[in-house]
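Chains as they are written, first to last, in full-length UniProt numbering: chain A, 1 to 338; chain B, 1 to 338; chain C, 1 to 338; chain D, 1 to 338. Using N, Cα and C, we set each Cβ at its ideal position, and we do this for glycine too.
There are 4 protein chains.
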Amino acid sequence: MAYQEVMEAARKNVGSFCKACPICDGRACRNQIPGPGAKGSGEGAIRNYNSWQKIRLNMDTITENRPINTQVQIFDVSFDLPIFAAPIGAMKMHYGEKYTDMEYNDILIPACRNAGIAAFTGDGMDPEVMKGATTAIKANQGFGIPTVKPWDKDTLLRKLEQIEKSRSIAVAMDIDSAGLPFLKNQMPPAGCKSVEELKEIIKSISQPFIIKGVMTVKGAIKAKEAGAAGIVVSNHGGRVLDGCPGTAEVLPEIKEAIGDSLKIFIDGGIRSGQDIFKALALGADAVLIGRPFVTALYGGAEEGVKLLVDKLGEELKDTMMMCGAYDIAEITRDMVRN
Amino acid sequence: MAYQEVMEAARKNVGSFCKACPICDGRACRNQIPGPGAKGSGEGAIRNYNSWQKIRLNMDTITENRPINTQVQIFDVSFDLPIFAAPIGAMKMHYGEKYTDMEYNDILIPACRNAGIAAFTGDGMDPEVMKGATTAIKANQGFGIPTVKPWDKDTLLRKLEQIEKSRSIAVAMDIDSAGLPFLKNQMPPAGCKSVEELKEIIKSISQPFIIKGVMTVKGAIKAKEAGAAGIVVSNHGGRVLDGCPGTAEVLPEIKEAIGDSLKIFIDGGIRSGQDIFKALALGADAVLIGRPFVTALYGGAEEGVKLLVDKLGEELKDTMMMCGAYDIAEITRDMVRN
Amino acid sequence: MAYQEVMEAARKNVGSFCKACPICDGRACRNQIPGPGAKGSGEGAIRNYNSWQKIRLNMDTITENRPINTQVQIFDVSFDLPIFAAPIGAMKMHYGEKYTDMEYNDILIPACRNAGIAAFTGDGMDPEVMKGATTAIKANQGFGIPTVKPWDKDTLLRKLEQIEKSRSIAVAMDIDSAGLPFLKNQMPPAGCKSVEELKEIIKSISQPFIIKGVMTVKGAIKAKEAGAAGIVVSNHGGRVLDGCPGTAEVLPEIKEAIGDSLKIFIDGGIRSGQDIFKALALGADAVLIGRPFVTALYGGAEEGVKLLVDKLGEELKDTMMMCGAYDIAEITRDMVRN
Amino acid sequence: MAYQEVMEAARKNVGSFCKACPICDGRACRNQIPGPGAKGSGEGAIRNYNSWQKIRLNMDTITENRPINTQVQIFDVSFDLPIFAAPIGAMKMHYGEKYTDMEYNDILIPACRNAGIAAFTGDGMDPEVMKGATTAIKANQGFGIPTVKPWDKDTLLRKLEQIEKSRSIAVAMDIDSAGLPFLKNQMPPAGCKSVEELKEIIKSISQPFIIKGVMTVKGAIKAKEAGAAGIVVSNHGGRVLDGCPGTAEVLPEIKEAIGDSLKIFIDGGIRSGQDIFKALALGADAVLIGRPFVTALYGGAEEGVKLLVDKLGEELKDTMMMCGAYDIAEITRDMVRN
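This is the structure we're talking about:
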C-alpha cells in the first residue's frame, strides 16, 4: 500500500465533513463545526497552514555528509522522531461511523509506538473514552499521552487517577477546550482554569503535565508558574476561537520568553517534514499533527499510520540534510527566514 | 425561528440591492448606490470588513472561570451589551417596498430596547421621518438616539427641538452625510459644519451630542472642541467617499489622541462578536452595526432583532472568555494583535 | 447623452485592442502592444492603476461649508481644473479606423478648451501630425501643449519651430519614447537625450518646456538642470519599459527633492476625481489622463469629452469637500495616507 | 522562424510535463517531479519567478544616447551577453523522447557558442553523458561549462579528469543535487561535501571552479574558503528542497558579504532581459537560464537557441538604455527598487 492509496481509501471512510484533501489546509472543510472544520469564518485553520508556508528554508549543502539522526529525548523517553499524533475525540461526530473513540485509540496507540513515536489521546463526555485510552496506553508500556479536558475538579481528579495508573509518558490538558461549541452547557462542565487551580491539579499527578492551547507569552509564563512541564502552542486547529494568529506567528516570541524551561510542543497546519523542520528551527521541541493521522488511520489502519510517519520522517531527514543539520539538536533559528 | 431562517426570509424581503449574504462584506452590493452598496468603486465597505479580519485575537484561557459581564454604562444609561443599531434611512430606496422609515423605526426601537440595547434612528428629507422616530423613542422611555443630518440651521433647530422633547438618551449628527449622492442639491440642503457652527448647535440641546463620521485625529479633536460628548468613528459604510481607510485602521490613533475625554463609538463592517471585541480592545466604548439589523428586521421583525443581538452577545461573551476578559472594562489593547 | 452611453458607443468605435472597460485598469488590454496595452508582461498599466487605489483619503467634514474652487494657474494661464488630456498618437494603429491623429486632435483641442482645460497632443513619424496639431492649437488661442518625441536634432528643431509659431501654452517632450517598440529603428530616429542636449533644445524655444517620462529623483534633478519648466512623472502608461514602479509610488520622493522649483504633472492610471485629489495631495500640480479621453471622444466626440471632464470635476469637488479642502491650494499631504 | 513559432513547435516536442507556457512561471508544471516541476508543494519555482517581478526598474532616459555594450569578461573569456544556458540533464525523463542528453548537448553547445554565449552542461548516472558533454565542449574550443554532480570521490576524480582534458572555460558542481528525488539511493551516490572535501576536489583541476546551489551568506563564504572561483545562487529551480526563498531575495545579502571576491551567477525564474538587468543590478555577474533554452531547442534546434538569445539580448539592451546604463559595468544597485 502506498500513502496515496491510503488517502484514496480515506476519502471513502472519513464521513462527509473531511475530504481527505491532497493538501490539508482547512479550505474544503471551513465553517463545518461540529465536523472537523474551524470555528466561525473558518479562517483559523487556513491561517495556521499559511503561516508555515510563509517561513522559508535556508538551504546549505556545503557540509560534511554524515548520517542523519532524528531521535529526541522528551521527559526522559526516547522517540525516533519529534512527532506526536495530536489528541482527537468525538470521532463519530466528526468523521462518520467507521470508528468509536475507543476503536480509534486502540489502533492509533500501538501503531504510533511501532512507528517510533507516541500518540496524544482525546477526551470525551463519555467516561469510557478516557478509560479506554488509559487502558490502551498502559497495555503499550505507557506510550501515549492522555489529554484531559478542563472539567470541574471532581471529574478531573477521577480522570487523573486513571491516568496516573496508566503510567503514561505524560499527561496533557487542552485548556482552550472551553471554546469548543459542542462542549457548551454540557455535563460535566469544562472551562478556564486559574494558575492556582492548575497548580493543585498538576500536583495531584506524578507524570509530567503539558498544558495545551497556549498562544501568548503571558499564557506560557502562567503555565510555567502553575508547574507545567510543557506547553502545546496551539489554537486547537482554529476550532475554539475564530480570529487567532497562526501558531507559527507566535512560536518565536514564546520561545524567547520561555527558553528551555518548558518543553514546547506546537500544532496547527503542520503537514510535512519541511513544516516540522521550521517548527523546530523556531523553537519547538516537537510537533503534534492531527488530521493527517485521522486520514492515514481511516484509510489504512496501522499500516496507514506507519506510512504517514515514514513519509514525514523522510521529508524531515531530507530537509535536515539540505539545511546542514544532521541531528535534531543542530537545527537552529538561522536555518529559516521569515 | 433560528437566525439562519431569519436570513432566508430576509432574502425575499430586502429588495433587489441587498442580497442578505451569509457573510456581509460589501462584495455582492458593491457599486450599487443609491441602493445599499458603497460609493464609487465600491471598495469602501469591503475595506471596512477586511480591516477587522486582519486583527487577530490573543487567546488566553489560563484564567479564573468567572461569570461574564457585558454591561456598559454610556451617558449614565446602562446597556446589556456595547452594541447599538446604526442609523438607517430611506428604507424604500435601499431595501424595497416592505417598510417605510417610520414602520422600520417602530419595530426597531422597542425590539432593541427589549434586547437590552438601543437603536440610532436615521433622518430624511421628509420631516415625518424625524417626527416618527422621536415619537417612537419617547414612547420607549428615550431608548434611542435620533441622528440628524447636517441641514441648514433652521431645519436643524426645528428637528433638535423635536429631539429635545423625545428625552432620548443622546442625539447624533452624521456630519459626513454631505457626501451622500442622493442628498446632493436637495432641499433642505445638507453640508459640512465648522467647529463654531457645531458649538452653537450642540449648545441648543440638553442631550449628549454625538458626531458621527470622524475618520481622523484632527476631526476628533475638532469634535471635542465643539463640545461633543462622543464621536462615531465611521466612513458611513463607504457610502460618502470612495477611498477612505477602514475604520479599524484609524481607531487606535484616534483613541490615543482622545483618550477617555469623549465616548468613542465605531461602525463599518463589524459583523460578529469577535469584531466587537477587537473594536473594544482598540479603544472603542461601543459599536454600531447597520446592515445586519436591517436583514434581521426584514427577515424576522422584532424576533429577528432579538436573535441577532443574542447571537452577537454570545459571540462576544465567548471571545471575552477565550481572551481572559470577564468584564467589558477588562478588555485591553494587548488582547489583540495587528 | 450620459457618460455611460458615451462608453457604450465607444465600445463600438475604438477598435479591437481597447475594450472601453467600465474600470480602465490595464487588465483587459494587457500584452497588446502595438495596440494600447502595456509592454512585456503588461503589468505596468495595472501597477499604475493599483498604486492609486492603495492610497487612502482622510475624510474630515468638520469644516466651514465654503464654495469649492478648482481653478489653477499654470505657466500664467488659468484652467478650470488641474486636468490635462494626455498626448496620444498613432490613433489608427491603436484604436481602429475611426480617426486619424489629425482628426482626433481637431476634435480634442477645442473640446478641452471649451471644457476649461487643455490637451497635450501627440507626435508621429508623419510630419503632418505635428503640423496638424500646431495648426489646431494656434486656431484655439494656443490652448494645447504639443508633445514632441526625442528625435534627432534636425527633426526636433524643425518641429519646435512649428510649435514656437503655434503660441501654445507650453511644449513637452516625452523623453521616454525611445522605449516604444514601434519607434525602434524607424525614421526619424528617436532616443535618449543628455542634459547638455536638452539645454540646447530648451533654449531654442520660448514656451515653457515640459519633460515627460521622469520616474526618479535623479531624472527630475537633471530635467531642472536642463532648464525645464516642468516634468511629467510618467512611465508612458507602462508602454516603454516593463517593470517600472507605479507613478504614485515615486511622486512623493520626487516632490520632496524638487519642491516648487518645477511644475509637476503626473499620469498613469488616474481614473477618477479621487485619484486626482490623491495626486495633488502627494505633490502634483496637475494630472494628465489618457485613455478615458480616447474613449470619451470615440464614444461622444466633443460632448463625450465635456461629459468626462464634468464627471472628473464633480468627483474632485466632492472629494475636496469631504476632505476639507475648498481650494486646490488647500489640498495637503496629510489629507491622504499610504 | 519567429520565437513564437519555436514555442508552438516546442509544445509538440517537449513531452507531457512541460507545457512550453508563454509565461514560464512554474504554475503549469508544479508538483510534477520527476518531470520538470518543482519539489513538494511546487511553490519553489513559482516563488523564484515572482521574486523577480517584485523588483522594479528605475527608468531614466535623460542620458547621452551612446551605443550599448553587453559584453562581459568572465574568467578571462569574453561573452557577448551575461547569459549562460543552465545545466539540464535526464532529458528523456523530463522532456520526452525527442533527445538524449548527448543529442541535446550536441545541439546546445555550438548553438550557444554561435550566439555569443556558453552553455553549462548537465551530468547523469550514465558516464556517457559527461563523456559526450566534454567531447562536445572540446570540439567547440572549450566553450561550455561541464557541471558535475557531488558524487563519491572516485567517480568525481574520474569525471574531473575528463573535464580537465576538455579545456572547458570552467567547471561547476551542483552541490545541492543531493536533494533531487531521482538521485536518492542511486549509484554512484551523490551527497553534501564539506569545505575540506571541496578544497581537495577544487585543487585537482586547473579550470575555475563554480559551486552551484548557494542560497546563504554562510554557504557563499564556505565556497570561497574552499577555493571556488564563482558561485551560482540557485535553489535548483525549486527541485531539491520545497520552501526555499526566491533567489532574488537572497542575492543582495550574498553580494554584500562576498563583494567581488567570487564571480556571482544566479538562476531561478529569470525569463526576460528585464529580469537579467535586475539580477545584474542586485550584484550578479551573469545569469543562468534553464527551461527557456529547453523549449527553444526542442522547438527550433540551433535556430531556436539563437532566437531566444537574441530576444533576451534585445530586451536587456532595451532595459539598459531605458535605465541609463550603456555598458554592463554601468548597471548599478540604484537602478532597481524593492
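For D/Lys14, does the three-state DSSP call read helix, strand or coil? Here residue 14 of chain D is Val; the residue named in the question, Lys, does not match the sequence. DSSP places D/Val14 in coil when its eight states are reduced to three.
7 Å Cβ cut-off: residues of chain D touching A/Arg337: Those within 7 Å of A/Arg337 in chain D are Pro245.
Helix, strand or coil for D/Thr63, going by three-state DSSP, please let me know. In the structure shown, D/Thr63 sits in coil (DSSP, three-state: anything other than H, G, I, E or B).
Starting from A/Leu288, trace the beta strand (DSSP E) both ways and give me its first and last residue. Counting along the chain, the beta strand (DSSP E) containing A/Leu288 begins and ends at 286-289.
Taking buried to mean at least 16 other C-beta atoms within 10 Å of its own C-beta, is A/Ser206 buried or exposed? When all chains shown are included, A/Ser206 counts as exposed.
Output the distance between the C-alpha atoms of A/Lys56 and A/Met335, rounded to the nearest integer angstrom. The sequence given here places Arg at residue 56 of chain A; Lys does not occur at that position. So the alpha carbons of these two residues sit roughly 9 Å apart.
Is B/Asp327 near the ligand ATP, going by C-beta to nearest heavy atom under 7 Å? This structure simply doesn't include the ligand ATP, nor any ligand for that matter.
Using a beta-carbon distance below 8 Å, is D/Asp60 in contact with chain C? Yes - at least one Cβ of chain C is within 8 Å of the one on D/Asp60.
Distance between A/Thr61 and D/Ser234 (C-alpha atoms, nearest Å): In a straight line, the C-alpha of D/Ser234 is about 12 Å away from that of A/Thr61.
In the DSSP assignment, find the unbroken alpha helix (DSSP H) run with A/Ala139 in it and report its ends. That run of the alpha helix (DSSP H) goes 127-139.
Boundaries (first-last residue) of the alpha helix (DSSP H) holding D/Asp101: Note, D/Asp101: alpha helix (DSSP H), 101-114.
According to DSSP, simplified to helix, strand and coil, what is A/Gly37? When DSSP states are grouped into helix, strand and coil, A/Gly37 belongs to the coil group.
Given that a residue counts as buried once 16 or more other Cβ atoms are within 10 Å of its Cβ, and exposed if not, what is D/Val77? Its Cβ having fewer than 16 others within 10 Å, D/Val77 is exposed.
Tell me whether the beta-carbon of A/Trp151 lies closer than 8 Å to the beta-carbon of A/Pro127. Contact: no.
Measure the C-alpha to C-alpha separation of D/Ile270 and D/Val287 and round it to an integer number of angstroms. For D/Ile270 and D/Val287, the gap between their C-alpha atoms comes out near 8 Å.
If we define contact as Cβ-Cβ less than 8 Å, is C/Cys192 a contact residue for chain D? Contact of C/Cys192 with chain D is assigned, a C-beta pair being separated by under 8 Å.
At a Cβ threshold of 8 Å, is B/Met321 touching chain A? It does; some Cβ of chain A falls within 8 Å.
Which first and last residues belong to the beta strand (DSSP E) in which A/Ile74 is found? Run containing A/Ile74: 72-74, per the beta strand (DSSP E) assignment.
Between B/Ala296 and B/Leu308, is the Cβ-Cβ spacing less than 8 Å? In contact: B/Ala296 and B/Leu308 (Cβ atoms closer than 8 Å).
Length at least 4, wholly inside the segment 203-289 of chain D: the alpha helix (DSSP H) runs in chain order: Runs found: 217-225, 247-258, 273-281.
Taking the straight line between their C-alpha atoms, what separation do you get for A/Phe209 and D/Gly122? Each residue's alpha carbon lies about 55 Å from the other.
Do A/Tyr95 and A/Gly15 have their C-beta atoms closer together than 8 Å? Yes; because the gap between Cβ atoms is below 8 Å, this pair is in contact.
How about the segment 25-32 of chain B and the segment 102-121 of chain B: do they share at least three Cβ pairs that are nearer than 8 Å? No: fewer than three Cβ pairs fall under 8 Å.
Cα-Cα, which of C/Ala284, C/Leu198, C/Ile175, C/Leu160 is closest to C/Thr332? Measuring from the Cα of C/Thr332, the nearest candidate turns out to be C/Ala284.
Beta strand (DSSP E) segment containing A/Gly144, residue limits: Membership of A/Gly144 in the beta strand (DSSP E) is indicated by the continuous run 144-148.
For C/Thr175, which option in C/Arg11, C/Arg158, C/Ser204, C/Val214 has the closest C-alpha, if you only look at C-alpha atoms? It should be noted that the sequence gives Ile, not Thr, for residue 175 of chain C. If we check each option's Cα against that of C/Ile175, C/Val214 comes out closest.
Evaluate contact between the segment 29-48 of chain D and the segment 190-199 of chain C, counting only Cβ atoms and requiring at least three cross-stretch pairs below 8 Å. Verdict: no, contact absent.
Cross-chain neighbours of A/Leu198 in chain B, by beta carbon under 9 Å: Those are Ile62, listed as they occur along chain B.
Measure the C-alpha to C-alpha separation of C/Lys278 and D/Ile137 and round it to an integer number of angstroms. The C-alpha of D/Ile137 is placed about 59 Å away from the C-alpha of C/Lys278.
Beta-carbon separation (whole angstroms), D/Lys39 vs D/Gly238, contact threshold 8 Å: The Cβ separation is near 6 Å, so the contact holds.
Measuring only between beta-carbons, confirm whether D/Asn140 sits less than 8 Å from chain G. In summary, chain G is missing from the structure at hand, where the protein chains are A, B, C and D.
When you compare only the Cα positions, how much space is there between D/Ala301 and A/Pro67? Rounded to whole angstroms, D/Ala301 to A/Pro67 spans 44 Å at the Cα level.
Mind checking if A/Asn65 is an interface residue toward chain D, Cβ cutoff 8 Å exclusive? Under the Cβ criterion of 8 Å, A/Asn65 is counted among the residues facing chain D.
Buried or exposed by the 16-neighbour rule on C-beta atoms within 10 Å, applied to C/Asp318: The residue in question, C/Asp318, is buried, as its Cβ has 16 or more Cβ neighbours within 10 Å.
Determine the extent of the beta strand (DSSP E) in which D/Ser51 is found, giving its start and end residues. Following the DSSP letters along the chain, one finds D/Ser51 in no beta strand (DSSP E) but inside the alpha helix (DSSP H) bounded by residues 43-53.
Buried or exposed: B/Ser168, going by 16 or more other Cβ atoms within 10 Å of its Cβ? By the Cβ-count criterion, B/Ser168 is buried, with 16 or more other Cβ atoms from all chains shown falling within 10 Å of its own Cβ.
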